[in-house]
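Asker: Numbers 2 to 204, taken from the working numbering, label the letters of the sequence shown in order. Yeah, the Cβ is synthetic: ideal placement off N, Cα and C, and Gly gets one too. Right, I'll just put the structure down here and ask away after.
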Amino acid sequence: AKIVVLISGNGSNLQALIDDIAEQKIAAQIVAVISNKADAFGLERAAQANIPRHVISHKDYSSREEYDAQLHSTIAGFSPDLVVLAGFMRILTPWFVEQFTGKMLNIHPSLLPKYKGLDTHQRAIDAMDEEHGASVHFVTPELDGGPVVLQSKVPVFADETASQLASKVQEQERQMYPLVVRWFCQKRLLMLNNKAYLDGNEI
Ligand code: GRF
Numbered sequence: 002a003k004i005v006v007l008i009s010g011n012g013s014n015l016q017a018l019i020d021d022i023a024e025q026k027i028a029a030q031i032v033a034v035i036s037n038k039a040d041a042f043g044l045e046r047a048a049q050a051n052i053p054r055h056v057i058s059h060k061d062y063s064s065r066e067e068y069d070a071q072l073h074s075t076i077a078g079f080s081p082d083l084v085v086l087a088g089f090m091r092i093l094t095p096w097f098v099e100q101f102t103g104k105m106l107n108i109h110p111s112l113l114p115k116y117k118g119l120d121t122h123q124r125a126i127d128a129m130d131e132e133h134g135a136s137v138h139f140v141t142p143e144l145d146g147g148p149v150v151l152q153s154k155v156p157v158f159a160d161e162t163a164s165q166l167a168s169k170v171q172e173q174e175r176q177m178y179p180l181v182v183r184w185f186c187q188k189r190l191l192m193l194n195n196k197a198y199l200d201g202n203e204i
């Protein structure tokens, strides 16, 4: 399978995919990494792995529609089977999302449907939640609202800071995201009518 990965930052989820592909745990090839930020560390990770890199800066576009049109045409040029959002910190237009229906995954650092959007770790702490975690989901036009494929939980300890909690969650993310991508590449995972299925069973 051909995968395009979109990033904005550190790229630890990208690295987990690169590693599992190198170890042949996932039968796939990352054909491009695209970042909206030129200084994203994930671009260095892509370079190390000899993956073609593209920076498409939102600052060069005057509207979200124009940006997403460029992003779409760059991605479409690679004809990927799957688009993986890995810390890509931009809201995508419904039009863009619809171009990749059933072919785009995201990882979100909360136990969806809790805490869509930003600052999820602090919000879990403020709510005094006993558990927190991450979710991998298919992307639909509703922000962080597509069908969930897999969740991983971590306990929230008293006096834990948001950044401590974030690193615990990110450790889980590095395990779970490659697993879901593997399922997708094995054609075991699909989205139909806004529902996710694994091995034919609704998740
Ligand atoms: C992750 O916590 C992910 O859930 C969120 O952004 C972070 C990206 O981390 N969407 P990285 O760039 O993959 O290291």
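(1) For Ser38, count neighbouring C-beta atoms within 10 Å of its own C-beta (all shown protein chains included) and say buried if the count is 16 or more, exposed if not.
(2) Return the bridge partner residues of Met192 from the DSSP annotation.
(3) What number of angstroms, rounded off, separates the C-alpha of Gln71 from the C-alpha of Arg183?
(4) Are Leu106 and Val137 closer than 8 Å when you measure CB to CB?
(5) Write down every uninterrupted run of the beta strand (DSSP E) in the region 123-180 whose length is 3 residues or greater and which is fully enclosed by it, in chain order.
(6) Keeping to the same chain, check which residues put their C-beta closer than 8 Å to that of Lys199; ignore five residues upstream and five downstream.
(7) Within 7 Å: the Cβ of Gly88 and any heavy atom of the ligand GRF?
(8) Just to confirm my understanding: we take Pro95, look at its own chain, exclude 5 residues before and 5 after, and list those with CB closer than 6 Å. What are they?
(9) Kindly indicate which three-state DSSP category Ala33 falls into: helix, strand or coil?
(10) CB Pro156 to CB Ala17, shorter than 8 Å?
(11) Please tell me whether Ile4 and Phe89 are closer than 8 Å, where the distance is taken between their beta carbons.
(12) Label Phe158 either buried or exposed according to how many other C-beta atoms from any shown protein chain fall within 10 Å of its C-beta, with 16 as the threshold for buried.
(13) Would you mind sorting Ala197 into buried or exposed? The rule is 16 or more other CB atoms within 10 Å of its CB.
(14) Starting from the Cα of Glu132, find the closest Cα among Leu166, Phe101, Phe139 and Gly43 and give me that residue.
(15) Count the other C-beta atoms from every protein chain shown that fall within 10 angstroms of the C-beta of Met177, then say buried if there are 16 or more, exposed otherwise.
(16) Could you check whether Glu203 and Asn14 sit closer than 8 Å to each other, using their CB atoms as the reference points?
Answerer: Taking the coordinates as given:
(1) The question names Ser, but residue 38 is Lys in the sequence shown. By the 10 Å Cβ count, Lys38 comes out buried.
(2) Residue pairing of Met192 in beta bridges, as defined by DSSP: Ala197.
(3) Between the C-alpha atoms of Gln71 and Arg183 there is a straight-line separation of about 28 Å.
(4) Closer than 8 Å, so yes.
(5) Annotation note: the region 123-180 contains the following uninterrupted beta strand (DSSP E) runs of length 3 or greater, listed N- to C-terminal: 132-139 and 149-156.
(6) Reading the sequence as shown, one finds Leu at residue 199 and not Lys. Here the set comprises Val150, Trp184, Arg189 and Leu190.
(7) Relative to the ligand GRF, the nearest heavy atom lies less than 7 Å away from the CB of Gly88.
(8) Hits under 6 Å: Pro142.
(9) Correct three-state label for Ala33: strand.
(10) No.
(11) No, the pair does not count as a contact, with Cβ atoms beyond the cut-off.
(12) Label assigned to Phe158: exposed.
(13) Buried, because 16 or more other Cβ atoms sit within 10 Å of the Cβ of Ala197.
(14) Considering only alpha carbons, the answer is Leu166.
(15) With 16 or more Cβ atoms within 10 Å of its Cβ, Met177 is classed as buried.
(16) Asn14 is not a Cβ neighbour of Glu203, given a cutoff of 8 Å.
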